[in-house]
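Have a look at the structure below before the remarks.
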Amino acid sequence: MSRFSLPLVLACGSGIAMISLGERSAFGLFQTDISAAREWGRETFAFAFALQNLLWGIGQPIAGALADRYGTTRVLAAGGVMYAAALAGTVYMESALAVTIMFGLVLGLAMSACSFTLVISAFGRIVSPAQRSLAFGVGTAAGSFGMFLFGPLAAVFLNFFGWEIAMLAFAAIALLVLVFAIPLQGKAAPDLTGPQQSLRAALSEAFAYRSYILLVFGFFVCGFHVAFIIAHMPSYLIDLGLGSSIGGTAIALIGLFNVIGSLAAGAIGQRYSKSYSLAILYFLRSVAIFAFVMVPVSGLSVIVFSSAMGLLWLSTVPLTSGLVAVMFGPRYMATLFGVVFLSHQVGSFLGVWLGGLIYAQTGSYDMLWYIGIALGLFATVVHLPIRDAPSPRLAGAAA
15 MSRFSLPLVL
25 ACGSGIAMIS
35 LGERSAFGLF
45 QTDISAAREW
55 GRETFAFAFA
65 LQNLLWGIGQ
75 PIAGALADRY
85 GTTRVLAAGG
95 VMYAAALAGT
105 VYMESALAVT
115 IMFGLVLGLA
125 MSACSFTLVI
135 SAFGRIVSPA
145 QRSLAFGVGT
155 AAGSFGMFLF
165 GPLAAVFLNF
175 FGWEIAMLAF
185 AAIALLVLVF
195 AIPLQGKAAP
205 DLTGPQQSLR
215 AALSEAFAYR
225 SYILLVFGFF
235 VCGFHVAFII
245 AHMPSYLIDL
255 GLGSSIGGTA
265 IALIGLFNVI
275 GSLAAGAIGQ
285 RYSKSYSLAI
295 LYFLRSVAIF
305 AFVMVPVSGL
315 SVIVFSSAMG
325 LLWLSTVPLT
335 SGLVAVMFGP
345 RYMATLFGVV
355 FLSHQVGSFL
365 GVWLGGLIYA
375 QTGSYDMLWY
385 IGIALGLFAT
395 VVHLPIRDAP
405 SPRLAGAAA
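Numbering-wise (my numbering), the sequence shown opens with residue 15 and increments by one.
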């Protein structure tokens with residue numbers, strides 16, 4: 015439990031989510047300029063971006079376990095330093111290998127240590143079970159507002175100052191994470207009134223629970239969708255002759271409408287089935303993508319699609335994290351949600367990497383849009399059997 019007031023903790027945690035997720039959402043805008051400056055094909059930057067997503071996922075359960083054991087503030091502060099160093103280092107790296115290490119490996123691990131997943135796990139410790147879903151929605155909405163803020167900001171910096179200055183500015187802003195991390199002190203404490211459990215036992219229980227495994231598979235699809243669109247949609251729109259500014263507008267609209275979607279998902283998760291809500295959400299994603307690829311792409315269609323996807327974007331997070339909290343409680347939530355998030359980032363890796371690879375081979379992103387539609391339907395089916403209820407161990411203890 016933090017010694018700081020709840021409003022201050024929520025505000026500072028939201029600030030961290032806004033910076034870490036907001037800056038990351040704008041990285042796709044850098045793709046064309048960096049590739050041109052280094053005389054690379056898009057697949058080179060795409061691979062580094064994909065590796066970043068994968069390392070973020072691999073590092074997330076580890077960062078969650080460290081936060082559960084040693085405290086959230088220390089992990090967040092270390093992540094903020096690494097985040098800034100990786101962005102600054104990318105500017106001065108010349109070779110494809112060096113950029114892949116800095117922008118891919120180092121930045122990916124940094125993001126796992128200062129991501130919104132740690133923030134909402136910290137929120138889960140300080141609010142009542144009845145308010146957790148809404149608190150998770152607030153943290154996710156803050157990250158979404160970061161998308162609304164940093165998308166246009168990146169576009170302005172790129173147009174007026176170039177990608178190097180833009181990335182150095184992002185590095186400086188990332189250092190604010192160190193300040194915002196201070197009020198998020200504390201770590202998960204055992205509930206002395208309930209059954210005791212070790213981390214190893216918690217992981218064993220989770221992987222033996224069918225609903226948790228289905229949740230892991232479902233969140234993979236979310237990662238594929240959001241990473242592909244963030245990384246490749248700006249270039250996709252440039253290829254269609256719509257200009258670079260429309261890409262920044264698309265990211266901003268996704269972020270703006272996701273503020274609404276995340277808050278709404280948090281409220282919905284408090285009143286209705288989280289698993290059924292997720293099934294409906296993924297189905298609507300497939301409908302939105304199908305409609306977008308079936309009509310001629312224009313400024314209007316981009317605005318409509320970005321707004322619709324924004325409502326459905328990270329509204330998965332309060333529902334998914336809420337299910338983890340319901341199933342297993344807050345004790346090891348940072349670790350257990352970190353494992354679910356690893357699946358999300360494997361999907362992100364494939365969405366970004368396959369986007370660059372398929373574009374290099376076919377000169378088109380069309381196949382990726384169709385894969386996204388199919389995966390959305392898969393996720394719809396996967397979430398229907400998930401039980402929105404405590405695991406048998408917690409249910410038995412409550413009885």
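Each residue gets a CB set at the ideal place from its N, CA and C atoms; glycine is no exception.
>> Suppose contacts are defined by Cβ-Cβ distances below 8 Å. Is S321 in contact with F242 by that definition?
In response: no
> So, are the CB atoms of G176 and M32 less than 8 Å apart?
Replying inline: no
>> Please report the distance separating the alpha-carbon of A348 from that of P310.
In response: 43 Å
> What are the start and end residues of the alpha helix (DSSP H) that includes Y250?
Replying inline: 224–253
> Nearest to T87 by alpha carbon, out of G71, Y250, S129?
Replying inline: S129
> Within the chosen definition, does the segment 319–336 reach the segment 55–67 through at least 3 CB pairs nearer than 8 Å?
Replying inline: Contact fails: fewer than three Cβ-Cβ distances are below 8 Å.
> Is the segment 266–281 touching the segment 384–400 in the sense that three or more CB pairs, one from each, lie closer than 8 Å?
Replying inline: no
>> With H, G and I counted as helix, E and B as strand and the rest as coil, what does DSSP make of G343?
In response: Of the three classes helix, strand and coil, the one that applies to G343 here is coil, per DSSP.
> Between F392 and L229, what straight-line distance do the alpha-carbon atoms span, to the nearest angstrom?
Replying inline: 12 Å
> Among residues of its own chain, excluding the 5 on either side of F304, which ones have a beta-carbon nearer than 6 Å to its beta-carbon?
Replying inline: I387
> So, L172 versus L35, is the Cβ gap smaller than 8 Å?
Replying inline: Cβ distance not < 8 Å, so L172 and L35 don't count as in contact.
> Roughly how many angstroms separate the alpha carbons of S49 and A112, rounded to a whole number?
Replying inline: 14 Å
> Per DSSP, what kind of secondary structure is S135 in: helix, strand or coil?
Replying inline: helix
> So what's Y373 in DSSP terms, helix, strand or just coil?
Replying inline: In the displayed model, Y373 falls within a helix according to three-state DSSP.
> When the Cα atoms are used, what is the spatial distance from A40 to G262?
Replying inline: CA-to-CA, the gap between A40 and G262 works out to about 8 Å.
>> Does P75 pass the burial test, meaning 16 or more other C-beta atoms within 10 Å, or should it be called exposed?
In response: buried
> Secondary structure at P321, three-state DSSP: helix, strand or coil?
Replying inline: Residue identity differs from the one stated: residue 321 is Ser in this sequence, not Pro. Looking at S321 - three-state DSSP - the assignment turns out to be helix.
> Any idea if T207 is buried or exposed, counting beta-carbon neighbours within 10 angstroms, 16 or more meaning buried?
Replying inline: The predicted position of T207 is uncertain, since its pLDDT is 49 and thus under 50; no value can be drawn from it.
>> Quick check on D380: buried or exposed, where buried means 16 or more other Cβ atoms within 10 Å of its Cβ?
In response: The residue is exposed, with fewer than 16 neighbouring Cβ atoms inside 10 Å.
>> Our contact map puts L90 next to L132 with C-beta atoms below 8 Å; I'd like the distance itself, whole angstroms only.
In response: That pair is a contact at about 6 Å.
> Is it buried or exposed for G71, if we count other Cβ within 10 angstroms and need 16 for buried?
Replying inline: Around the beta carbon of G71, 16 or more other beta carbons sit within 10 angstroms, so the residue counts as buried.
> Below 8 Å, can you find three or more Cβ-Cβ pairs linking the segment 363–381 to the segment 289–297?
Replying inline: No: the two stretches stay apart, fewer than three of their Cβ pairs being nearer than 8 Å.
>> Please list the terminal residues of the continuous alpha helix (DSSP H) segment that includes T87.
In response: 86–106
> If you draw a straight line from the C-alpha of L24 to the C-alpha of G370, how long is it?
Replying inline: 37 Å
>> Residues in the same chain with beta-carbon distance under 8 Å from V360, minus the five sequence neighbours each way, listed in chain order, please.
In response: Taken in chain order, the residues that qualify are L68, G71, F234, G237.
>> Taking the beta carbon of M308 as the centre, do at least 16 other beta carbons fall within 10 Å, making it buried, or is it exposed?
In response: exposed
>> Can you find the residues in the same chain that come closer than 7 Å, C-beta to C-beta, to W54, ignoring five residues on each side of it along the sequence?
In response: A110
>> I'd like the list of long-range same chain contacts for L167, defined as Cβ closer than 8 Å, with 5 residues on each side in sequence excluded.
In response: A40
> Nearest to Y429 by CA position, among M341, R407, V316, is which residue?
Replying inline: Because the chain in this structure spans residues 15 to 413, residue 429 falls outside the shown range and cannot be described.
> Under 8 Å, do F150 and A62 count as touching if we go by C-beta distance?
Replying inline: no
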